[in-house]
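Going by the numbering used here, the sequence shown opens with residue 5, and the numbers climb by one from there. Beta carbons are placed, not taken as given, at the ideal position from N, Cα and C, and that holds for glycine.
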Amino acid sequence: MKFCSYCNSWIDKKDFASHPTTYDRLQRICKECDRKRFREYYQRNKKKVLEKNKEWIENNRLRHNEIARICHANARNIDKEIN
Ligand SMILES: [Zn+2]
Numbered sequence: 005m006k007f008c009s010y011c012n013s014w015i016d017k018k019d020f021a022s023h024p025t026t027y028d029r030l031q032r033i034c035k036e037c038d039r040k041r042f043r044e045y046y047q048r049n050k051k052k053v054l055e056k057n058k059e060w061i062e063n064n065r066l067r068h069n070e071i072a073r074i075c076h077a078n079a080r081n082i083d084k085e086i087n
């Protein structure tokens, strides 16, 4: 169990996303709170988030194409597995 400082509750460690630099290699807040926090942030800063995404894609066009290619390939593989 690990304490989530966002919802102030003890949560199973498997419900925390991994983090490369914290002492236990886990995020300080649980996955559910992380999602909630991002949704709230997104609602408040929609324009900024979308602008940042656009900016990232423009600056990382090759990387974005690569990620898109992998995502599409994975989606195709999943389709194959289902059919
Ligand atoms: Zn939490």
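What distance in whole Å lies between the Cβ atoms of residue j and residue i, which are believed to be in contact at a cut-off of 8 Å?
i	j	result
residue 9	residue 33	6 Å
residue 19	residue 36	7 Å
Assign residue i to one of two classes, buried (16 or more other C-beta atoms within 10 Å of its C-beta) or exposed (fewer than that).
i	result
residue 7	exposed
residue 75	exposed
residue 42	exposed
Contact criterion: CB-CB distance below 8 Å. Does residue i meet it with respect to chain B?
i	result
residue 21	Among the chains of the structure shown, chain B does not appear; only one protein chain is present.
Should residue i be listed as close to ligand 1, given that the test is whether its C-beta is under 7 Å from any heavy atom?
i	result
residue 61	no
residue 36	yes
residue 22	no
When the distance is taken between beta carbons, is residue j closer than 8 Å to residue i?
i	j	result
residue 38	residue 31	yes
Next on the checklist: To test your reading of the DSSP string, which unbroken alpha helix (DSSP H) runs of 4 or more residues are found completely within the stretch 11–69?
Outcome noted: Here the runs fully enclosed are 35–63.
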